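Protein chains: 2
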Amino acid sequence: MPASIRDVAESAGVSVGTVSNVLNRPEVVSAATRERVLGAIAALGFVRNESARQLRAGSSRTVGLVVLDIANPFFTDVARGVEDVVNPAGLALILCNSDDRPEKESAHLDVLAEQRVQGVLITPTAELTPHLRSLRRRGVPVVLVDRRAPAADQCAVAVDDVLGGRLAAEHLLERGHRRIAFIGGASGLPQVQERHDGVEAAVREATGAVDELLTLSPEALTVAGGREAAARIVGMPASRRPTAAVCANDLMALGVLQEMVRQGVRVPDEFAIVGYDDIDFAAAAAVPLTSVRKPRQELGSRAARLLLDEARGEGHVHVQEVFEPVLVVRESSRVRRTGGR
Amino acid sequence: MPASIRDVAESAGVSVGTVSNVLNRPEVVSAATRERVLGAIAALGFVRNESARQLRAGSSRTVGLVVLDIANPFFTDVARGVEDVVNPAGLALILCNSDDRPEKESAHLDVLAEQRVQGVLITPTAELTPHLRSLRRRGVPVVLVDRRAPAADQCAVAVDDVLGGRLAAEHLLERGHRRIAFIGGASGLPQVQERHDGVEAAVREATGAVDELLTLSPEALTVAGGREAAARIVGMPASRRPTAAVCANDLMALGVLQEMVRQGVRVPDEFAIVGYDDIDFAAAAAVPLTSVRKPRQELGSRAARLLLDEARGEGHVHVQEVFEPVLVVRESSRVRRTGGR
DNA sequence: CAACGCCTGTGAATCGTTTCAGCAGAGGAG
DNA sequence: CTCCTCTGCTGAAACGATTCACAGGCGTTG
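Protein chains in written order, with our numbering: chain A, 1 to 341; chain B, 1001 to 1341.
Given below as structure tokens:
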């Protein structure tokens, strides 16, 4: 139904080749002809059919971004960084949400493969699914976001999460906390594991023992997950109950905070909280959250640039970029009545 | 480079038509042949080329969603609602962010038109741009989200924002506030205008005068915009300074709250705040925000269903759905020392 | 035994764009 | 006047999947 390039050609009295030239290399067409063709295009309301163009070109002008949780502002900030790079390059972004579920992730990857996207940016679920591998084997560039590459044969943009965990824990230890909880999801994400390892190492060095570290694994890395973990902590006997928690992300930290407030536990006086990601809302929370800051937007833009470079081919060198996180101290861990246990 | 349907046909010793049948109407192919073809598909790692399929079909298996601010959780919740409807229908979602800028919006619409999307869901910028009109004229279904349709010739899913504004204002008036501010962006969005009108009507009815309503229009409907407005309010002489504000969305309300806290103004004792949208973070704010709740996810899913219905053709009836907002009272407007002026 | 219908499968046309070899005509050089 | 070059345009092939009219093969029926 919509006008095709042939209709335009007919209406302008030229061949389809000429119309295509007007569209793609206007400089090879004489000014008079160009005007005539552009006039016909406007008159007919012609819009290029991307499918046909793609069919010919072999790949589309889109890239895919698959995130773990679209409701987590961390990922929308990453997406914004990606957009800032990808749109100016004339590419559209297909944003997919896996909800940390491998099936959804696979389904999205299938769609992206069928769309012949230029490449895929992804924060994968725990296991690198076979879909992801086969995508790469098929020659589709894949850049991991907020996750280290398992090998040097692909690009990845990550954050030193062991360091991040360590920063968070050392901060609490300095404030005199000894019984510390690490609250991470049950999903088994390596990023979360690394944060845990950083916390654990710091706790061991400071206390000489690891059993001071309580690890809680609520269902999901969400506000609800944080509430769940907090409820369990409050339910523990006071003698064993931790006095502070490092959370695997800010959403969980907000959940912990909410539940603590609800249960009448004063934060930070009775319980200190450190979040992770430093999303904008962390600073606006009931008790402003201490958090481990990651360069969210830059994570996205850097990953997108690497992807475009790889898609362009020609001597692309795989890069594993690792950003350093920074601890931002706010109210939720500020005070500490008593030192030691 | 990737295997085509022809390679599969060759490898399985059948014609391309048969392969296509296996893919699209497996029931017309004998079991033996089907197995053989599926085997070849697996062996070659064949993936359908959507471009080719679309070229033939005339339209793609995607829908577009254009939002005003991807960083606003309200819109990610809407997006989630859309996804829940659209993915099960076998369609992919292209999520675009206009940042409330007509040029970006137009650029995104161009891309979506070239992609031959099945339809577009959009929360448009202030003016309905010519691009949007021409899209509709070209027969692409367009459903407005969180915005009323200017005429009955298209679908729209909105919220009664006059009522929302009224609910917010009446609540504050009941609490004894008389000098009230309305904080909305300068973008001229009708949704915001309606909220303003609702507030204004309520104020007029209660006080008999409109000049009790101070309207502030910061640059953008963001946290920063809220801070900016709050700073201006604090700078006013106490005699004329409002004692409460209705904000056009929760992000601004959070900004107002932050700035008030920073300036040492106690909320709600010295200044009450009501937000709009009731995003999840509203309840988790430093002072939990009273807010006007909209059915965020349902807004998206309803809009998506209408879009799919319209795309399917066959006796589609345009629907203008208007949801009723509900006031959720929390700490930010709870108390009020003194009544009246 | 012929006629018929059903079941499978074939092969060519088609979608709209890009690309490229090649052609007409103008202008310049000899 | 012929030969050559350059500019501007043409026309057809190609991309990969879908679709549809149709062709064999086989069993059934009268």
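Note that the Cβ used here is the ideal one computed from N, Cα and C, for glycine as well.
Computed from a prediction, not measured in an experiment: that's the story for all the values here.
query	result
Hey, A/Thr290 and A/Val329 are a contact pair by Cβ (cut 8 Å); roughly how many whole angstroms apart?	5 Å
If you check the beta carbons only, do B/Leu1161 and B/Gly1198 fall under 8 Å apart?	Here residue 1161 of chain B is Asp; the residue named in the question, Leu, does not match the sequence. Contact: yes.
I want to verify the contact list: residues of chain B whose CB lies under 9 Å from the CB of A/Ile94, in sequence order.	Thr1062, Ala1092, Leu1093, Ile1094 and Leu1095
Who pairs with B/Arg1293 in a beta bridge, going by DSSP?	B/Asp1277 and B/Val1326
Looking at B/Leu1214: is its Cβ nearer than 8 Å to the Cβ of B/Val1203?	no
So what does B/Ala1064 bridge to, in DSSP terms?	The amino acid occupying residue 1064 of chain B in the given sequence is Gly; Ala does not appear at that position. Answer is B/Ile1094 and B/Val1120, bridged to B/Gly1064.
Measuring straight from C-alpha to C-alpha, what distance separates B/Val1019 and A/Cys96?	30 Å
Is B/Gly1339 buried or exposed, if buried means 16 or more other CB atoms sit within 10 Å of its CB?	Confidence at B/Gly1339 is low in this model, with a pLDDT of 43, below 50, so its placement is unreliable and no value can be given for it.
At which residues does the alpha helix (DSSP H) containing A/Thr207 begin and terminate?	Pro190 to Thr207
Pop quiz: B/Leu1113 and A/Leu55 are said to be a contact at Cβ under 8 Å. What is the actual Cβ separation, rounded to whole angstroms?	Checking the displayed sequence, the identity of residue 1113 of chain B turns out to be Ala instead of Leu. Not really, about 18 Å apart at Cβ, beyond 8 Å.
Give the DSSP bridge partners of A/Ile70, in chain order.	A/Ile70 pairs with nothing; no bridge assigned.
Taking its Cβ as the centre, do 16 or more other Cβ atoms sit within 10 Å of A/Ser15, making it buried, or is it exposed?	exposed
Residues of chain B with CB closer than 7 Å to the CB of A/Asp280, please, in chain order.	Val1223
Closer than 8 Å, CB to CB, is A/Leu128 near chain B or not?	no
8 Å is my cut-off, CB to CB: does B/Thr1076 come that close to chain A?	yes
Would you please verify whether the beta carbon of A/Leu254 is less than 8 Å from any beta carbon of chain B?	yes
Would you please verify whether the beta carbon of B/Arg1025 is less than 8 Å from any beta carbon of chain A?	no
Going by beta carbon distance, what residues of the same chain come within less than 8 Å of B/Leu1254, once the five residues before and after it are set aside?	Val1223, Gly1226, Gly1275, Phe1281, Ala1282, Ala1285 and Leu1289
At what residues does the alpha helix (DSSP H) containing A/Ala231 begin and finish?	Val223 to Val234
Could you check how far apart the C-beta atoms of A/Arg80 and A/Gln297 are, in whole angstroms? I think they sit under 8 Å.	6 Å
In this structure, how does DSSP classify A/Val82 when only helix, strand and coil are distinguished?	helix
On the DSSP letters alone, give me the boundaries of the beta strand (DSSP E) that A/Thr129 sits inside.	Per DSSP, A/Thr129 belongs to no beta strand (DSSP E) and is neither H nor E.
For A/Pro242, count the other beta carbons within 10 Å of its own beta carbon; 16 or more makes it buried, fewer makes it exposed. Which is it?	buried
Output, in chain order, the set of chain A residues within a Cβ distance shorter than 8 Å of B/Leu1055.	Asn49, Ser51, Ala52 and Leu55
For A/Ser134, return the contacting residues in chain B, with the cut-off set at a CB-CB distance below 7 Å.	Gly1045
Any idea what DSSP makes of B/Gln1258, helix, strand or coil?	helix
Which bits of chain A does B/Ile1070 rub up against, with CB to CB less than 7 Å?	Thr76, Ala79 and Arg80
Using the C-alpha atoms, what's the distance from A/Phe46 back to A/Gln191?	48 Å
For B/Glu1083 and chain A, any beta-carbon pair shorter than 8 Å?	yes
If you run the structure through DSSP and keep just helix, strand and coil, what is B/Glu1321?	strand
As a quick exercise: from B/Val1159, B/Glu1027, B/Val1066 and B/Val1256, pick the residue whose alpha carbon is nearest that of B/Asp1277.	B/Val1159
I'd like to know whether the C-beta of A/Gln297 is nearer than 8 Å to at least one C-beta of chain B.	no
Taking 8 Å as the CB-CB cut-off, is A/Pro2 touching chain B?	yes
Start and end of the alpha helix (DSSP H) containing B/Ala1181?	Unbroken run through B/Ala1181 is the beta strand (DSSP E), Ile1180 to Ile1183; no alpha helix (DSSP H).
Going by C-alpha distance, which of A/Met260, A/Ser217, A/Ala40 and A/Pro150 is nearest A/Gly235?	A/Met260
Could you say which of A/Glu174, A/Leu221, A/Ser333 and A/Glu219 lies nearest to A/Val267 if we only look at CA atoms?	A/Ser333
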